[in-house]
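Under our numbering, think of the first position of the sequence shown as 91, with each following residue one higher. Even glycine gets a Cβ: it sits at the ideal position worked out from N, Cα and C. These numbers were taken from a predicted model, which means no experiment stands behind them. Down below is the structure, laid out as structure tokens.
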Amino acid sequence: MNREIAVLATKVDMILEGIRRSEEKSDVSRASMHRRIDEIVERVGTLETGVVSVQKDVTEMKPTVDDVRRWKLMGLGALGVIGIGGAALGVTFADAIRSLH
Numbered sequence: 091m092n093r094e095i096a097v098l099a100t101k102v103d104m105i106l107e108g109i110r111r112s113e114e115k116s117d118v119s120r121a122s123m124h125r126r127i128d129e130i131v132e133r134v135g136t137l138e139t140g141v142v143s144v145q146k147d148v149t150e151m152k153p154t155v156d157d158v159r160r161w162k163l164m165g166l167g168a169l170g171v172i173g174i175g176g177a178a179l180g181v182t183f184a185d186a187i188r189s190l191h
């Protein structure tokens, strides 16, 4: 009977040792997971700060971009007027030269 108790005690000790090792592995795994989550939280915070900065820059640039677009349209309109005026002037000169001949 003592031998059976000793065998049972040994088995219980082995089970307890297995549980202890499993808990140690779990602790290491959880610590690693928490470390990665902390890194991700930090990276997301940095990303959010960058996005806010970019949004602010875009908001500040929008009036300038709108002005440039307006100037471009005004320039295209002016080129159209100059083109029409040039064509009319060319026709007038052509008629004047024809009538001189």
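For residue i, which residues of its own chain have a beta-carbon under 8 angstroms away from its beta-carbon, when the five flanking residues on both sides are left out?
i: M104; result: none
Return the chain-ordered list of same chain residues with a C-beta closer than 7 angstroms to the C-beta of residue i, the five sequence neighbours on each side being excluded.
i: I187; result: none
Under three-state DSSP, which class holds residue i?
i: H191; result: coil
i: M123; result: helix
i: M164; result: helix
i: M151; result: helix
i: M91; result: coil
Residues in its own chain within less than 6 angstroms of residue i by CB, not counting five upstream and five downstream?
i: H124; result: none
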